[in-house]
Amino acid sequence: MTTRQNNPRRFYLNGIDWIVQGMQYNCQTAPGGDYQFLIISHLAGTPDADKLRMCLRKLQEMFPLLSGKLRRNWFNLAPYWQAPRKIIFRDILTVVQLNEPDREQACHRYLTGFLNTPFSDDMPKLAAMLLVLSDGSSRLALNFDHRLFDAAGGEQIIAILNDLWNGAEPDASGFMAPEGPWLNEWRHQFACGRTVNRALLSIRKQGTASLLSSNSVGSNRYALIQLDEAGFASLEKRADTEAGPMMLTPYLAATIQEALHRIFSKRGDCNSICVCPMTVSLRQGRRDELFFNRWSIMPMYSSPNSSHEERLKQQIGLFYTYIKNKLPYCLSKACLLCRPLPLPAIAKFSQKSSGSSGTAAIALLSQMEFDSVFLLGEKVKELYHVPRIPPSPGLGIFMNRRGSKLNITLSWVDGVIDDEELEILASAIPQAAEPT
Numbered sequence: 000m001t002t003r004q005n006n007p008r009r010f011y012l013n014g015i016d017w018i019v020q021g022m023q024y025n026c027q028t029a030p031g032g033d034y035q036f037l038i039i040s041h042l043a044g045t046p047d048a049d050k051l052r053m054c055l056r057k058l059q060e061m062f063p064l065l066s067g068k069l070r071r072n073w074f075n076l077a078p079y080w081q082a083p084r085k086i087i088f089r090d091i092l093t094v095v096q097l098n099e100p101d102r103e104q105a106c107h108r109y110l111t112g113f114l115n116t117p118f119s120d121d122m123p124k125l126a127a128m129l130l131v132l133s134d135g136s137s138r139l140a141l142n143f144d145h146r147l148f149d150a151a152g153g154e155q156i157i158a159i160l161n162d163l164w165n166g167a168e169p170d171a172s173g174f175m176a177p178e179g180p181w182l183n184e185w186r187h188q189f190a191c192g193r194t195v196n197r198a199l200l201s202i203r204k205q206g207t208a209s210l211l212s213s214n215s216v217g218s219n220r221y222a223l224i225q226l227d228e229a230g231f232a233s234l235e236k237r238a239d240t241e242a243g244p245m246m247l248t249p250y251l252a253a254t255i256q257e258a259l260h261r262i263f264s265k266r267g268d269c270n271s272i273c274v275c276p277m278t279v280s281l282r283q284g285r286r287d288e289l290f291f292n293r294w295s296i297m298p299m300y301s302s303p304n305s306s307h308e309e310r311l312k313q314q315i316g317l318f319y320t321y322i323k324n325k326l327p328y329c330l331s332k333a334c335l336l337c338r339p340l341p342l343p344a345i346a347k348f349s350q351k352s353s354g355s356s357g358t359a360a361i362a363l364l365s366q367m368e369f370d371s372v373f374l375l376g377e378k379v380k381e382l383y384h385v386p387r388i389p390p391s392p393g394l395g396i397f398m399n400r401r402g403s404k405l406n407i408t409l410s411w412v413d414g415v416i417d418d419e420e421l422e423i424l425a426s427a428i429p430q431a432a433e434p435t
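At position 272 of the sequence shown (counting the first as 1) the number is 271 in numbering that gives the first Met the number 0, and the numbers step up by one without a gap.
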């Protein structure tokens, strides 16, 4: 049930939003940035920087939430994001001219630095970097605060930015509808909490979860793996054959967990289960779902000594069970009960909301929210997501569909995984895409 409130500047956080606030707190305990993510576009040409600045300023004008602050209702303690009465416009674009011989390495260095740059308190929770290459092409990276945007919302902002560039005047009011504070559904929230608790108890009965690192304090790093049209088609065909129609997500979960078990076997841990919190979308297709987090979690897990067929069968079974029990929805509702907790407490809870901090996070953005082949007047050659991962679990595998291709981004806290282990993980999905 959705409830709406009348204060146009006050946006109450849903249950997952408050968990994200805890993940933000965890990120701030380590070097680098906030809980944020990049969407990076490889453009065939270079857009005009001054015009881009004007469009970014227009975004700040359209969406005062970008300059908002976290607040609490003094009476019921419900947290909310409050838009300011007056907007102070900021220049949020950084332009870098790159003339280095190894331009890909230089781009990666600048983008990694951008990923690890926190948002200042007095700046909007959106930033942009334009890397201009010597051959006339460019890289445009938009940096999003995860407290305000999820991956799909980030792509929607890019679509709006592109509309502004092309002279359109989108109606900002349709993208923002204050909701909450969901204070009249306690019985329903507690019922959802019982569903979540049963699922977590079931995981604990399986054994102890393998953890890559419990004290990771480095900055984030990332690597990109791409499947071309033929490779992605082959992957989908194998998933259909081995797992059944529409079972790509469980197939990917099984493939990733097999690689993780190999990594732990290499480390001498052959007995622990692998727990991977996997995000699923809760979007309903409404226009006003631009801001905040519209997703939840399925805690996928597997035993260390299972065969490929057994592990795949287990993932499919979990997938169907969670859908039947409405676990993702129940988790989002049950987390509303945690809103009175202070941030340090919710930070600890966010590490345990999937049965443990997890072995690695998994996410697949299967639907494109920005599907244009042109951005800011330039042809889009590539578009992919690079999220920061909190210190715990310290490793994430994020996938986004772009046309008929699949981008796979590995994001990890420096020191969590070594180069040999990274290669095991990086090669897992491409190997699964090879024709049988």
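Backbone N, C-alpha and C define an ideal beta-carbon position, used for all residues, glycine too.
Since we're looking at a predicted model, the values are computed, not measured.
Secondary structure of residue i, DSSP reduced to three states
i    : result
I296 : strand
G21  : helix
C337 : helix
Q225 : strand
A126 : strand
G267 : coil
E422 : helix
K332 : helix
A360 : strand
L132 : strand
R9   : strand
L394 : strand
Y34  : coil
R400 : strand
L375 : coil
P386 : strand
L281 : coil
L289 : coil
K347 : helix
Chain B contact for residue i (CB, 7 Å cutoff)
i    : result
S391 : Looking at the structure shown, chain B is missing, and only one protein chain is on hand.
Residues near residue i in its chain [Cβ-Cβ closer than 6 Å; skip 5 each side]
i    : result
R56  : F88
F369 : E154, I157, A158
F291 : D16
L374 : S40, N161
R70  : Y79, Q81
S355 : The predicted model places S355 with a pLDDT of 46, which falls under 50 and marks its position as unreliable, so this point remains unresolved.
I407 : I224, M398, I428
P386 : F36, F397, S410
S353 : Here the model assigns S353 a pLDDT of 43, short of 50, so the residue's position is not dependable, and the following value carries that caveat. Around S353: P276, I296, P298.
Nearest neighbour of residue i, chosen from the options [CA to CA]
i    : options               : result
S271 : A252, E99, A140, S301 : S301
P169 : A253, C54, T358, A258 : C54
R282 : Y79, L340, A229, L364 : L364
S327 : V195, V19, N25        : Before going on, a small fix: residue 327 reads as Pro here, not Ser. Taking only the C-alpha atoms, the option nearest P327 is V195.
A333 : I18, A208, S201       : I18
K404 : I388, R387, P429      : P429
A252 : V412, G395, P63       : G395
T248 : I322, R8, N13         : I322
D227 : H187, R400, L12       : R400
A198 : L97, G414, P276, Q366 : P276
P436 : S201, Q313, S295      : Limits of the chain in this structure are 0 at one end and 435 at the other, which puts residue 436 out of reach.
A29  : A346, G217, D144      : G217
A359 : F263, S306, S280      : F263
Y221 : F397, L42, H145, D121 : F397
P434 : E235, N72, P389       : E235
L114 : G393, L141, I202      : L141
G173 : M245, I345, R285      : R285
R203 : G357, Q35, D417       : G357
E422 : M245, K265, P117      : K265
Q366 : M122, G32, A150, P123 : A150
Cβ-based neighbour list, residue i, same chain, cut-off 8 Å, excluding 5 preceding and 5 following
i    : result
A48  : L92, V94, L129
L342 : Q20, G21, Y24
L182 : N75, A77
N98  : S133
Whole-Å CB distance - residue i paired with residue j, under 8 Å assumed
i    : j    : result
P46  : E377 : 6 Å
A427 : I255 : 6 Å
R59  : L65  : In the sequence as displayed, the identity of residue 59 is Gln instead of Arg. Yes, Q59 and L65 are in contact; Cβ-Cβ is about 6 Å, under 8 Å.
G179 : L289 : 16 Å between Cβ atoms; not a contact.
Y79  : Y11  : 4 Å
A242 : I361 : Between I361 and A242 the Cβ distance is about 15 Å, and since that is not below 8 Å, they are no contact.
A171 : M61  : 4 Å
A258 : L147 : About 32 Å; that fails the 8 Å criterion.
L317 : Q188 : That pair is no contact at about 24 Å.
N219 : S391 : N219 to S391, Cβ: 13 Å. No contact.
Contacts around residue i, its chain only, beta-carbon distance under 7 Å, and the 5 residues preceding and following it disregarded
i    : result
L160 : C54, L58
D268 : S209
S331 : N13, G14, I15, L281, S295
R8   : Q81, A82
Task: Contained alpha helix (DSSP H) runs [length at least 4] in the stretch 71 to 119, N- to C-terminal order - done: Listed in chain order, the alpha helix (DSSP H) runs fully inside the stretch 71 to 119 are 102 to 114, counting runs of at least 4 residues.
- [ ] Run through the stretch 193 to 262 for me and flag every whole alpha helix (DSSP H) of 4 or more residues, listed as ranges in chain order.
- [x] Annotation: the stretch 193 to 262 contains the following complete segments of the alpha helix (DSSP H) (minimum length 4 residues), in chain order: 228 to 241.
Open item on the list: Which runs of the beta strand (DSSP E) at least 3 residues long sit entirely within the stretch 135 to 201? Give them in chain order.
Closed with: Look at the stretch 135 to 201 and you find these whole runs of beta strand (DSSP E), each 3 residues long or longer: 137 to 144.
Task: Complete beta strand (DSSP E) runs within the stretch 37 to 68 (minimum length 3 residues, chain order) - done: Taken in chain order, the stretch 37 to 68 contains no complete beta strand (DSSP E) segment of 3 residues or longer.
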